[in-house]
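Protein chains in written order, with this note's numbering: chain W, 1 to 414; chain V, 1 to 475.
The beta-carbon is built from N, C-alpha and C at its ideal position, and this holds for glycine as well.
Inspection log for the structure reproduced underneath, given as C-alpha cells.
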C-alpha cells in the first residue's frame with residue numbers, strides 16, 4: 001500500500017477524487033509503466049537509489065506529472081521487490097575504523113598551517129589506502145547500509161503495464177480510506193464474499209436488511225466510543241477484496257484533515273477499478289453445483305431453489321445458507337451443505353449453527369463426516385455420499401411444512 | 001452513606017467485565033442499571049455485540065464504582081503482576097528530583113516538566129522502584145527505547161521486554177515507542193499498572209493518544225522538557241495522563257544543575273554559485289506567487305501546497321522552494337566555518353547538530369567524524385557516544401536523533417548548523433550541552449546562512465527564553 005504522503009486526490013464538484021490514470025490524456029502512462037517494469041526487471045543488483053533515479057528519468061518529458069505520483073510508482077514497485085539489506089555490521093565496522101584513524105588527525109583542514117597539519121585530501125587518500133580502496137570509493141561505501149543503497153535481489157511484480165497502472169489506481173483509492181471513520185456498503189449481491197473480506201480485514205459489522213438490498217456498516221471495536229480513523233487502514237485493506245465483488249456501493253465517512261472538512265467518499269462496482277484479488281468461484285463445491293443443476297429452475301413440490309439470498313445474523317456472527325427453498329405460499333427453508341470440511345471448520349460451523357437453532361435450516365452432510373460430528377445437531381439433517389438426492393430433500397421439506405403448520409410460522413425470523 | 005444502594009433492575013446471568021481489542025466490555029447489565037450506577041457518560045451500548053463498551057482509560061473510575069456495587073460482576077480485566085527488583089542501584093536524588101517524585105506520588109497521575117539534563121529519567125526510575133508493579137515505558141524513538149532498557153537494567157537490575165523495532169517481547173516491565181504502543185495497545189492495554197510517557201508532548205494526536213486511551217493503567221506519568229505544543233494540543237495531556245504536577249523552569253536551573261552558557265551566532269554567506277542559484281530559485285518562486293496573486297488575492301502558500309498534488313507547475317515551484325532550502329541547509333560555507341570552530345576548540349569534545357540527514361553525512365564525510373543517525377545500530381551508537389566521552393572521537397555530528405532525551409556525554413561546545421524553527425527543538429538542543437561541570441561555561445554556536453530564510457528561523461529560535469542574551473560573533 002502507499003503511504004499518506006504519496007496520496008494524490010482532488011475535489012471535483014464537491015467530491016473527493018483519488019488520482020486515477022484512466023483518462024485519454026493519460027494514455028502515455030501505459031508506455032511509462034512498461035518502461036518502469038523493464039527497469040526493475042533488468043535492475044537486479046542495482047541500488048534502490050539508482051532504480052528510483054531511473055524511474056524519475058522516465059517522467060522527464062512528462063512535465064505535469066506530480067512528484068508524488070512518481071514516488072508512488074517507486075513505492076509500488078519496491079513493494080513487489082526484494083532488496084538485500086547489505087552487510088550492516090561490516091559497513092558499521094568500516095565507518096568506525098575510518099573515523100578512528102581520522103580522529104588522531106582532527107581537524108582535517110583544507111590548507112595546512114603550522115598548527116594544524118592534517119590536510120584533508122591527503123589524509124583521506126591515506127585512510128582510503130589503509131582500507132584498500134581510493135577515496136571516491138570509500139566515500140560511496142561509507143554509508144552504503146542506508147536503505148537507498150540496498151541492492152535489488154529480485155522483482156516479482158506486475159505482469160504488464162496495465163497491471164501496474166491498475167494497482168496504482170487502486171492504491172490511490174486505498175489511501176483515501178486511511179481517513180475513513182466508518183464505511184457503509186449497500187449490497188445487492190456477493191454478500192458472503194463482502195462479509196468474508198471484511199472479517200479478514202478485522203472489521204466489525206452491523207447488518208440491516210432492506211427490501212431489495214442489505215446494508216453493512218463497517219468499523220472497529222472502539223468506534224462506538226468515539227469517532228476514530230484507527231480502522232481506516234483495515235478499510236483500505238478490505239477494498240481490493242470488495243472490488244472483486246459485484247453488486248455493491250460504498251459511502252465512507254472521512255475525517256477532517258488540515259486540508260479539508262469531513263467529507264463522504266463514494267464508490268461502486270461500476271467504478272472501473274480492478275484489483276488483483278480473484279473473486280471466489282460462484283459455487284463453493286461441485287456438490288452444490290450438481291444439486292442446483294439437478295433441481296432446475298422450475299419449482300418442485302411447490303418449492304423454488306434460490307442461491308444465497310439470505311443472511312442470518314446474531315451480533316457479529318453471520319450465517320449464509322447455501323440455498324433457500326421458497327414455497328409458493330411464501331414459506332422458506334434454508335439448506336446448508338456440509339461438505340468435505342476440516343474438523344476445525346466443522347466445529348466452528350457447528351457453533352455458528354447453534355446460534356441459529358430457531359431457524360428452519362436443513363443440513364446436508366457428507367457421509368464421511370458422520371462419525372466426526374461431535375455435538376448433537378440442532379437442525380434436521382440428511383446424509384449424502386457423492387450427490388444430494390432430490391427425493392430425500394423433498395421428504396424433509398414436507399416435514400418442515402408440517403411443523404410450520406403446527407407452530408404457525410413461529411421461529412421464523414430474518 | 002446511609003442509603004441502600006439501588007438494586008440494578010436486571011442482571012440476567014453472570015456478568016463479566018473484560019478487556020477486548022482496546023475497549024472495556026461489560027455484558028448482562030440493563031441500561032437502567034448502567035445509568036443508575038455509572039451515570040451516562042462512560043458506557044456506550046454496542047448493538048453489534050450486545051454489550052456495553054467503555055474506554056479503558058476509565059477503568060480506575062469503573063473499578064472504584066464496582067468496588068462498592070459489583071452485583072456479582074466478575075472483573076477479568078487487569079493482568080498485572082507485582083515486580084520484585086533484584087537490585088536497585090539508583091543515584092541519590094537532588095532536591096528538585098525529590099520534589100518531583102513527591103508531587104507525582106500525591107495523585108499518581110500527572111505530568112512532570114523538567115529541562116533536559118536535570119534527570120527526568122532518574123525521577124521515573126525512582127517512581128518505578130517505589131511502585132514495583134507492571135510498567136510500560138513509552139518513548140518517541142527506538143534509540144530512546146533502547147536507552148530506557150539500558151537505564152532500567154543498570155538502575156533496577158531488570159532486563160525489560162522490548163515492543164518495537166521488529167521485536168515483540170512483552171514482559172511485566174517493558175519499553176516501547178509511541179508508534180508501537182499505539183498499534184499494540186488493543187492487546188497490551190490491560191497488562192500494565194503504571195504507564196510512563198517519555199517526551200509526552202508527542203502523545204496528543206488522534207491516533208497516538210490511543211496508547212493512553214486504550215490503556216487501563218491507574219498510574220500514569222508524563223515526562224517532558226517542553227509541555228507546550230504549537231497547536232495547543234498539550235491541554236489534552238490533562239485527560240490522557242493527568243494534571244501538571246511539577247514544573248522546573250530552565251531559568252531556575254541555570255548555574256544550578258545546568259551550566260552557565262553563552263550563545264554565539266555566526267553568519268555565513270552563500271558562495272557565488274550557491275548565491276546565483278538561490279536567487280534564480282527565489283525569482284521563480286516569488287514571480288509565480290506574484291502572478292497567482294494578481295488572479296486571486298487569497299492565494300496562499302497553503303493553496304500552492306495543495307495544488308502540488310495535481311498540478312505539475314505548482315510541483316515545479318515546490319521543487320524550487322525545496323532546493324532553496326537545501327542550499328541554505330547545505331551551504332558550503334558552513335563547512336568552512338565548522339573547520340574554523342574545530343580549530344578554535346581543538347581538544348574539546350564537540351557536538352554538531354545538522355538540519356538534515358544529508359547535511360549530517362556531508363559533515364561526517366568532510367571531517368571524517370562519526371555521524372549519529374537513525375540507521376546506526378545499537379553497538380555503533382554506543383561506540384560513538386562513549387568514544388566522544390572518552391576522547392576516542394573529537395566530535396560527532398547528528399540530526400534529529402539526538403534532539404530529544406538521548407543521553408549524551410557532557411560537552412561544553414555545540415554547533416547548530418541548520419534546523420527547524422521551533423522553540424521546543426531549541427530548548428531540547430540547549431539542554432544537551434548544558435551539563436554542569438566545574439566552572440566552565442558551555443558555548444552554543446549557531447551557524448546561519450545570511451540573507452536567506454535561515455536567518456529568520458534563527459530569530460524565531462531565539463524567541464525561546466533559553467536563548468535570552470545571544471551575541472553575534474564573526475569567525
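{"Check": "Around the Cβ of residue 269 of chain V, are there at least 16 other Cβ atoms within 10 angstroms (buried) or fewer (exposed)?", "Outcome": "exposed"}
{"Check": "Can you tell me whether residue 73 of chain W is buried or exposed? The criterion is at least 16 other CB atoms within 10 Å of its CB, across all chains shown.", "Outcome": "buried"}
{"Check": "In three-state terms, what does DSSP make of residue 215 of chain V?", "Outcome": "coil"}
{"Check": "Among residues of its own chain, excluding the 5 on either side of residue 384 of chain W, which ones have a beta-carbon nearer than 7 Å to its beta-carbon?", "Outcome": "364, 366 and 367"}
{"Check": "Would you grab the beta carbon distance between residue 19 of chain W and residue 69 of chain W for me? Rounded to a whole angstrom, and I think it's under 8 Å.", "Outcome": "7 Å"}
{"Check": "Of all the options W:396, W:274 and W:303, which has the alpha carbon lying nearest to the alpha carbon of residue 164 of chain W?", "Outcome": "W:274"}
{"Check": "Under 8 Å between the Cβ atoms of residue 184 of chain W and residue 251 of chain W?", "Outcome": "yes"}
{"Check": "Is any beta-carbon of chain V found at less than 8 Å from that of residue 78 of chain W?", "Outcome": "no"}
{"Check": "If distances are taken between C-alpha atoms only, which option among W:139, W:91, W:155 and W:106 comes closest to residue 43 of chain W?", "Outcome": "W:155"}
{"Check": "Would you tell me roughly how many angstroms separate the C-alpha atoms of residue 354 of chain W and residue 36 of chain W, rounded to the nearest one?", "Outcome": "54 Å"}
{"Check": "Go ahead and label residue 33 of chain V buried or exposed: buried means 16 or more other beta carbons lie within 10 angstroms of its beta carbon, across all protein chains shown.", "Outcome": "buried"}
{"Check": "At a CB-CB cut-off below 7 Å, which residues of chain V make contact with residue 53 of chain W?", "Outcome": "Going along chain V, no residue has its Cβ under 7 Å from residue 53 of chain W, so there is no contact; the nearest lies around 15 Å."}
{"Check": "Quick check: residue 363 of chain V and residue 397 of chain V, are their CB atoms within less than 8 Å of each other?", "Outcome": "yes"}
{"Check": "In the DSSP output, what is residue 267 of chain V paired with across the bridge?", "Outcome": "V:448"}
{"Check": "Which residues of chain V have a Cβ atom closer than 9 Å to the Cβ of residue 119 of chain W, listed in chain order?", "Outcome": "The premise fails here: residue 119 of chain W is roughly 12 Å from chain V at the closest Cβ pair, so nothing lies under 9 Å."}
{"Check": "Roughly how far, in whole angstroms, is the beta-carbon of residue 411 of chain V from the beta-carbon of residue 349 of chain V, given that I think they are within contact range, below 8 Å?", "Outcome": "5 Å"}
{"Check": "What span of residues does the beta strand (DSSP E) with residue 176 of chain W cover, start to end?", "Outcome": "Unbroken run through residue 176 of chain W is the alpha helix (DSSP H), 161 to 177; no beta strand (DSSP E)."}
{"Check": "Residue 259 of chain W: buried (16+ other C-beta within 10 angstroms of its C-beta) or exposed?", "Outcome": "exposed"}
{"Check": "Within 8 Å (strictly less), CB to CB, does residue 413 of chain W reach chain V?", "Outcome": "Any reading at residue 413 of chain W is ruled out, since the residue's pLDDT is 41, under 50, leaving its predicted position unreliable."}
{"Check": "Say whether chain V places a C-beta atom closer than 8 Å to the C-beta of residue 172 of chain W.", "Outcome": "no"}
{"Check": "Is the beta carbon of residue 174 of chain V less than 8 Å from the beta carbon of residue 183 of chain V?", "Outcome": "no"}
{"Check": "Any beta carbon from chain V within less than 8 Å of residue 179 of chain W's own beta carbon?", "Outcome": "no"}
{"Check": "For a quick check, are the C-beta atoms of residue 93 of chain V and residue 126 of chain V less than 8 Å apart?", "Outcome": "yes"}
{"Check": "Taking 8 Å as the cut-off, does the stretch 105 to 122 of chain W touch the stretch 139 to 152 of chain W (at least 3 CB pairs, one atom from each stretch)?", "Outcome": "no"}
{"Check": "Which residues bound the beta strand (DSSP E) around residue 183 of chain W?", "Outcome": "180 to 187"}
{"Check": "At a Cβ cut of 8 Å, what residues of the stretch 325 to 358 of chain V count as close to chain W, listed as they run along the chain?", "Outcome": "336, 339, 342, 343 and 346"}
{"Check": "Using the beta-carbon count (16 or more within 10 Å), is residue 76 of chain V buried or exposed?", "Outcome": "exposed"}
{"Check": "I need the DSSP call for residue 82 of chain W, collapsed to helix, strand or coil.", "Outcome": "strand"}
{"Check": "How about residue 113 of chain V and residue 247 of chain V: do their beta carbons lie closer than 8 Å?", "Outcome": "yes"}
{"Check": "Using a C-beta cutoff of 8 Å, does residue 44 of chain V count as contacting chain W?", "Outcome": "yes"}
{"Check": "Using the three-state DSSP reduction, which class does residue 29 of chain V fall into: helix, strand or coil?", "Outcome": "strand"}
{"Check": "Taking Cβ-Cβ distances shorter than 9 Å, what residues in chain W pair up with residue 375 of chain V?", "Outcome": "88, 143, 145, 146 and 147"}
{"Check": "The alpha helix (DSSP H) with residue 185 of chain V in it runs from where to where?", "Outcome": "178 to 188"}
{"Check": "Determine the DSSP secondary structure at residue 63 of chain W, reduced to helix, strand or coil.", "Outcome": "coil"}
{"Check": "Which word fits residue 28 of chain W, buried or exposed, when buried means at least 16 other C-beta atoms lie within 10 angstroms of its C-beta?", "Outcome": "exposed"}
{"Check": "So, using beta-carbon positions, are residue 53 of chain V and residue 224 of chain W closer together than 8 Å?", "Outcome": "yes"}
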